[in-house]
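Participant: Here this note's numbering is used: position 61 in the sequence shown is 559, and no number is missing along the way. Please read through the structure below; I'll follow up with questions.
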Amino acid sequence: MLNLNIEAAKTAANFINSKFNVEIPTTAIILGSGLGTFTQKVQVLQSIPYAEIPGFPASNVVGHKACLSLAQLDNGKTVIVLEGRFHYYEGIPTSQVVLPVTVLHFLGVKNLIVSNAAGGANKNFAVGDLMIIDDQINFTGNNPLIGHNDSELGPRFVDMSEPYSFELIELAKNIATKINLSPKQGTYLSVSGPTYETRAEVRAFAALGADAIGMSTVYEVIVANYFKMQVLGISCITNMATGIATTKHDHSEVVNAANRVADNFGNWVKLIAEQI
């Protein structure tokens, strides 16, 4: 059977539907480490802690609130906001790492905005930069679609020529210009973690074309493409990668750096979501 916990996802989707008891929006946003202040810029209508959603595993990563909310934007449009995600490095199976995205599919979500905190492998980047993800490299050694495929859900071999929607990338760039924001654009590479990369690994990843390195997101995007969602990805460069950075790494610096750019990030993503 496909490694997506389909029955668990349907159960969770039914539970969320029963709690919200309104028409579920077609756009969802997954917030990465330190970016949870986005919910302060919108009107949160209802929230469900992950711990109450059937099948959702526990996550204890600092900077993740672990809550699913229904939020209203300034133009009256509603979105689903997931504050925090599950990570492979927590010992969580890939089927549960991508469970929220699978649940979103059964809720009827068609557009997904994913965000993350990442280390800058591009020497032209700086801490505090926001990067539109235009492609990805899955360097984790795993894939959430391994297993028997159900052709009624999606294709056996998923096309990944446009993992991040060209249309949404252009929308994000146009809105950034209007609000005088100058985001970077590049390729996101994900490792399994939880160790930060060595100097040699960073040199290798940069040679492969990576502009930013993290420990999340790629599984979610693979499954979103499986379900034919349109995806927009944004990385917050919270530290420079090993060998480029002049200091040793600590997760607190990641959260602090994300908090410093959270205002620009939140304003930008809110305007993007209003226009999708």
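We put the CB at the ideal spot given by N, CA and C, even for glycine.
1) Please go through the same chain and pick out, in chain order, the residues whose beta-carbon is closer than 6 Å to the beta-carbon of A722, but skip the five residues on each side of it.
2) When you compare only the Cα positions, how much space is there between I514 and I527?
3) L687 bridges to which residues according to DSSP?
4) Thinking I742 and A710 are a contact (beta carbons under 8 Å), I'd like their distance in whole angstroms, please.
5) Span of the alpha helix (DSSP H) holding L605?
6) In whole angstroms, what separates the C-alpha of H646 from that of S593?
7) Would you mind working out which of S613, E650, L643 sits nearest D632, comparing C-alpha positions?
8) Could you tell me the distance, in whole angstroms, from the CA atom of A615 to the CA atom of F763?
9) Using beta-carbon positions only, say whether P653 and N501 come within less than 8 Å of one another.
10) Suppose you measure from the CA of T509 to the CA of V596; what does that come to, to the nearest Å?
11) Within its chain, find whatever has a CB closer than 8 Å to the CB of Q538; leave out the 5 residues flanking it on each side and keep chain order.
12) So, using beta-carbon positions, are I590 and P555 closer together than 8 Å?
13) On the DSSP bridge assignment, give the partners of P547 in chain order.
14) T715 and G731: beta carbons closer than 8 Å?
15) As a quick exercise: from A702, Y686, S733, V767, pick the residue whose alpha carbon is nearest that of N672.
16) Compare the Cα-Cα distances from N620 to each of P552, F655, L706 and report the closest residue.
17) Ignore the nearest five residues each way along the sequence and tell me which others in V540's own chain have a CB closer than 7 Å to its CB.
18) Around the Cβ of S663, are there at least 16 other Cβ atoms within 10 angstroms (buried) or fewer (exposed)?
19) Rounding to the nearest angstrom, what Cα-Cα distance links D657 and Y724 in this structure?
20) Check K621 in the structure and name its three-state DSSP category.
21) Looking at A511 and L605, is the spacing between their C-beta atoms short of 8 Å?
22) Can you list, in chain order, the residues of its chain whose CB lies under 6 Å from that of A755, leaving out five sequence neighbours each side?
23) Can you tell me whether A616 is helix, strand or coil according to DSSP?
24) Out of E581, A506, I546, N519, point me to the one whose CA is closest to G530's CA.
Facilitator: If we stick to the structure as given:
1) V599, L610, V729
2) 16 Å
3) I635, I711
4) Wrong, their Cβ atoms sit about 12 Å apart, outside the cutoff.
5) 597-605
6) 13 Å
7) S613
8) 12 Å
9) no
10) 15 Å
11) G764
12) yes
13) C565
14) yes
15) V767
16) L706
17) A569, Q570, L571, K768
18) buried
19) 8 Å
20) coil
21) yes
22) V625, T736
23) strand
24) E581
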